[in-house]
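When we follow my numbering, the leftmost residue of the sequence shown carries the number 1, and every step to the right adds one. Using N, Cα and C, we set each Cβ at its ideal position, and we do this for glycine too. Everything on this sheet refers to the single structure shown next.
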Amino acid sequence: AAGCDVSKHMAAVTSETSPLAGNPEYLDSFYMDDFIGGRYSSSSAVGGAVLSLAFGPDIFARILKGMADEDVLAKNPNIRENSAMLDALIGVYERNVLGFQMTAVLPYSQALARFPAHLQQLDMESNGKHVNRFGEPISYQTGPLIFGEPGTNGQHSFFQLLHQGTQPIPMQFVGFKNSQMGNDLVIKGTTSQQKLSANVAAQIVAFAVGKGDENPNKVFEGQRPSSIIVGDKLIPETLGALLAHFENKVMFQGFTWNINSFDQEGVQLGKVLANKVLANDTDGALAEYSKLLEIF
């Protein structure tokens with residue numbers, strides 16, 4: 001029995017070049033390639049260990065199957081049959097031709113409440129770059145600002161700006177035909193899933209068509225661009241397909257912009273300066289902000 005020996009209850013997930021690699025104190029070790037960033041690690045040993053512990057290895061295998069199937073689609077040279085490539089090119093057109101600065105991700109499933117936050121890191125950390133793959137400055141726009149919330153929560157917060165703000169913002173809806181739970185409540189003749197899907201359809205049309213009114217405050221100009229990904233039901237395979245779809249979309253956009261979507265130098269400078277503060281080795285503005293925050 002492992003008893004109170006902590007090492008007998010712990011496993012390591014790391015790269016083979018890490019100081020943790022090969023440590024006999026751990027129950028077991030799982031390795032990932034050291035060039036895989038966290039935002040791409042859902043299907044690696046990191047995601048595998050966490051998801052398998054939380055939901056079981058069978059569920060993780062189903063997520064991987066969904067990702068693998070989507071990766072096959074991403075190899076299709078026919079853009080109309082390659083959803084990730086088509087999504088990527090629409091995004092490039094919106095960014096570089098129409099000049100839109102942001103994209104709203106709107107999954108109509110509470111189970112995907114944190115999915116927009118995942119896409120924030122995936123997209124913005126990958127394609128928020130100002131030099132090309134060869135380190136040369138670029139003169140065109142790259143990745144957009146990503147934000148979002150699950151429906152219908154977002155409808156009662158930032159949808160006001162999406163409908164009537166001065167700057168059109170492209171939207172990506174994610175919807176499902178059937179409830180994730182299978183069982184659903186029927187209230188006033190319709191299920192909760194039907195009500196949710198009705199809101200998806202209504203919002204897309206409202207954004208596109210708008211509405212006139214004698215009262216200018218009630219005018220909806222329309223012409224707000226959106227796209228939608230529709231699934232039958234949110235199951236592990238569907239989640240895997242969604243993860244792979246957006247990973248491939250971001251990768252294709254990086255290829256188009258000729259940037260490196262797989263590094264993240266932008267996170268380093270703040271870490272270096274934070275360590276200087278913690279070492280009490282500051283001057284100038286860094287010293288003044290340290291005093292303001294009373295760090296020491």
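So for residue i, helix, strand or coil by DSSP?
i      : result
Ser29  : strand
Lys211 : strand
Gly231 : strand
Ile146 : strand
Gln223 : coil
Pro57  : helix
Ala113 : coil
Ala285 : helix
Ile295 : coil
Pro137 : strand
Ile36  : coil
Just to confirm, is the Cβ distance from residue i to residue j under 8 angstroms?
i      : j      : result
Asn258 : Ala74  : no
Met171 : Phe207 : yes
Gly175 : Tyr93  : no
Asp58  : Ala241 : no
Ser192 : Asp184 : yes
Val230 : Lys177 : yes
Ala61  : Val13  : no
Leu234 : Ala111 : yes
Gln101 : Gln155 : no
Pro150 : Ala113 : yes
Met67  : Leu243 : yes
Ile90  : Phe173 : no
Going by beta carbon distance, what residues of the same chain come within less than 6 angstroms of residue i, once the five residues before and after it are set aside?
i      : result
Pro313 : Within the shown structure, residues of the chain are numbered from 1 to 296, placing residue 313 beyond reach of any answer.
Ser126 : Val250 and Ser261
Lys129 : Thr142 and Ile259
Gln180 : Ala111 and Leu234
Residue range of the beta strand (DSSP E) that residue i falls in?
i      : result
Thr103 : Met102 to Pro107
Val174 : Met171 to Phe176
Val13  : Ala11 to Thr14
So residue i is in the alpha helix (DSSP H); what residue range does that whole segment cover?
i      : result
Phe252 : Pro236 to Trp257
Gly270 : Gln268 to Leu278
Gln164 : Phe159 to Gln164
Met85  : Ser83 to Val92
Can you give me the Cβ contacts of residue i inside the same chain, cut-off strictly under 7 angstroms, excluding the 5 residues immediately before and after it?
i      : result
Leu64  : Ser43 and Gly240
Gly47  : Ser41
Val209 : Gly222
Val277 : Leu286, Ser290 and Ile295
Using a Cβ cut-off of 8 angstroms (strictly closer), state whether residue i contacts chain C.
i      : result
Leu234 : As a matter of chain content, chain C is missing from the structure shown, which is built from one protein chain.
Might you give, ordered along the chain, the residues of its own chain that have their beta carbon closer than 8 angstroms to the beta carbon of residue i, omitting 5 neighbours on each side?
i      : result
Ala11  : Tyr26, Leu27, Asp28, Ser29, Phe30 and Ala49
Ser157 : Glu149
If you measure from the CB of residue i, is any heavy atom of the ligand NAP nearer than 7 angstroms?
i      : result
Phe173 : Absent from the structure shown: the ligand NAP. Ligands present: none.
Evaluate contact between the stretch 234-251 and the stretch 81-92, counting only Cβ atoms and requiring at least three cross-stretch pairs below 8 angstroms.
yes
Counting pairs of beta carbons, one from the stretch 134-152 and one from the stretch 110-126, are three or more of them closer than 8 angstroms?
yes
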